[in-house]
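Report on the following structure.
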C-alpha cells in the first residue's frame, strides 16, 4: 500500500513563527503536492514538485515555500505564520505513470495559528 | 481558470436507495477523472477513477463519464449510513514537461444516508 506520512498531525503556532510541515512517501513517486483545505473553499493547491529540487507554484503560494531535497520528502514552510494560515494541510504524491496516475493523500496536518 | 463544479448538498437519501452525485468541469482536454470520499476530519480517499467515456463499475459504485458534455457522475447503489461523507470530484489538468499536471478538486457534495 502507498504510504504518505505527515509527521505533525496537530500543531499550534504563534503569529510570526516559522513553521515546517514534513511529508514523506514510501512509493518512489516522482510527483508530490501540498494542498490546504478550508470549509467552503475546498482543496487548493499550494505548491507541487515533479522531481527532486524542482518546484512549481500552485494556486495559492503566497506566504509559503517548499523544499524537495530528496525524492521521498517534500516540506512545506510557512516563513512567518499568520492567523489566515490556520487550516488543514494535506500532502499528496502520485507516480509519473500515464496509465495509473492516482494521487494519494497523507492523513493531514491541522495547523492553528494564534 | 480551470474549474470543477459540484452541488454542495447536502444530499440526503434513505438507506438502500441510489445516491447520484454530479460534477462538471471546464477543461476540455482533461483525460483523467477521480472520485474521492472524505469523512469528517479525515483525508480524502480514492474510490473511483475513470479515463474513458461510459460507465465503470466497482462494487456498489459506478462512475460515468461524458467528455463531450464535460460531465462526470458517481452512483452509489444500496446506500448505507457508512457512505455518509463528502464526495470530491477531481479532474486532472495540465501537463508540465513530462509530469502529469495537477488535480483540480470540486468543493465536494455532502451525502447523508438516513437509516
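Residue numbers (the numbering used here), protein chains in the order written: chain A, 2 to 115; chain B, 2 to 116. We treat Cβ as the ideally placed atom computed from N, Cα and C, and that holds for glycine. The structure presented is a predicted model; accordingly, all values stated were derived computationally and were not measured.
Which whole-angstrom value is the C-beta distance of residue i and residue j, which I expect to be below 8 Å?
{"i": "residue 47 of chain B", "j": "residue 64 of chain B", "result": "Rounded, the Cβ-Cβ distance is 11 Å, inconsistent with contact."}
{"i": "residue 36 of chain A", "j": "residue 22 of chain A", "result": "Not a contact, Cβ separation roughly 11 Å."}
{"i": "residue 28 of chain A", "j": "residue 49 of chain A", "result": "Rounded, the Cβ-Cβ distance is 16 Å, inconsistent with contact."}
{"i": "residue 86 of chain B", "j": "residue 112 of chain B", "result": "6 Å"}
{"i": "residue 3 of chain B", "j": "residue 114 of chain B", "result": "Not a contact, Cβ separation roughly 31 Å."}
{"i": "residue 73 of chain A", "j": "residue 44 of chain B", "result": "Actually they are not in contact, since the Cβ atoms of residue 73 of chain A and residue 44 of chain B sit about 19 Å apart, beyond 8 Å."}
{"i": "residue 59 of chain B", "j": "residue 49 of chain B", "result": "6 Å"}
{"i": "residue 108 of chain B", "j": "residue 9 of chain B", "result": "6 Å"}
With which residues is residue i paired in a DSSP beta bridge?
{"i": "residue 39 of chain A", "result": "A:43"}
{"i": "residue 38 of chain B", "result": "B:46, B:88"}
{"i": "residue 14 of chain B", "result": "B:114"}
{"i": "residue 20 of chain B", "result": "B:77"}
{"i": "residue 104 of chain A", "result": "Residue 104 of chain A is not bridged to any residue."}
{"i": "residue 63 of chain B", "result": "B:58, B:76"}
{"i": "residue 89 of chain A", "result": "A:38, A:111"}
{"i": "residue 97 of chain A", "result": "Beta-bridge pairing links residue 97 of chain A to no other residue."}
{"i": "residue 25 of chain B", "result": "B:6, B:72"}
{"i": "residue 65 of chain A", "result": "A:79"}
{"i": "residue 11 of chain A", "result": "A:111"}
{"i": "residue 5 of chain A", "result": "A:26"}
Thinking just about the alpha-carbon of each residue, which of the options is nearest to the one in residue i?
{"i": "residue 31 of chain B", "options": "B:40, B:15, B:51, B:77", "result": "B:51"}
{"i": "residue 11 of chain B", "options": "B:22, B:34, B:26", "result": "B:22"}
{"i": "residue 13 of chain A", "options": "A:64, A:7, A:102, A:88", "result": "A:88"}
{"i": "residue 79 of chain A", "options": "A:63, A:93, A:91", "result": "A:63"}
{"i": "residue 61 of chain B", "options": "B:20, B:41, B:91, B:35", "result": "B:20"}
{"i": "residue 65 of chain A", "options": "A:4, A:8, A:90", "result": "A:90"}
{"i": "residue 59 of chain A", "options": "B:45, B:9, B:106, B:54", "result": "B:106"}
{"i": "residue 36 of chain B", "options": "B:15, B:5, B:17, B:70", "result": "B:5"}
{"i": "residue 116 of chain B", "options": "B:82, B:13, B:24, B:28", "result": "B:82"}
{"i": "residue 68 of chain B", "options": "B:8, B:58, B:54", "result": "B:54"}
{"i": "residue 79 of chain B", "options": "B:9, B:14, B:8", "result": "B:14"}
{"i": "residue 26 of chain A", "options": "A:55, A:5, A:56", "result": "A:5"}
{"i": "residue 25 of chain B", "options": "B:34, B:71, B:33, B:109", "result": "B:71"}
{"i": "residue 110 of chain B", "options": "A:40, A:51, A:104, A:55", "result": "A:40"}
{"i": "residue 24 of chain A", "options": "A:55, A:57, A:71", "result": "A:71"}
{"i": "residue 105 of chain A", "options": "A:95, A:112, A:75", "result": "A:95"}
{"i": "residue 38 of chain A", "options": "A:57, A:61, A:31", "result": "A:61"}
Around the Cβ of residue i, are there at least 16 other Cβ atoms within 10 angstroms (buried) or fewer (exposed)?
{"i": "residue 10 of chain A", "result": "exposed"}
{"i": "residue 115 of chain A", "result": "exposed"}
{"i": "residue 88 of chain B", "result": "buried"}
{"i": "residue 77 of chain A", "result": "buried"}
{"i": "residue 104 of chain B", "result": "buried"}
{"i": "residue 43 of chain A", "result": "buried"}
{"i": "residue 69 of chain A", "result": "buried"}
{"i": "residue 99 of chain B", "result": "Confidence is the limiting factor: at residue 99 of chain B the pLDDT is only 49, short of 50, which leaves the residue's position unreliable, though a coordinate-based value still follows. Under this definition residue 99 of chain B is an exposed residue."}
{"i": "residue 110 of chain A", "result": "buried"}
{"i": "residue 53 of chain A", "result": "exposed"}
{"i": "residue 84 of chain B", "result": "buried"}
{"i": "residue 93 of chain A", "result": "buried"}
{"i": "residue 91 of chain B", "result": "buried"}
{"i": "residue 17 of chain B", "result": "exposed"}
{"i": "residue 102 of chain A", "result": "buried"}
{"i": "residue 40 of chain B", "result": "exposed"}
{"i": "residue 29 of chain B", "result": "exposed"}
{"i": "residue 8 of chain A", "result": "exposed"}
- Item | Inter-stretch contact (C-beta, 8 Å, three-pair minimum) for the segment 78-85 of chain A and the segment 6-26 of chain A | yes
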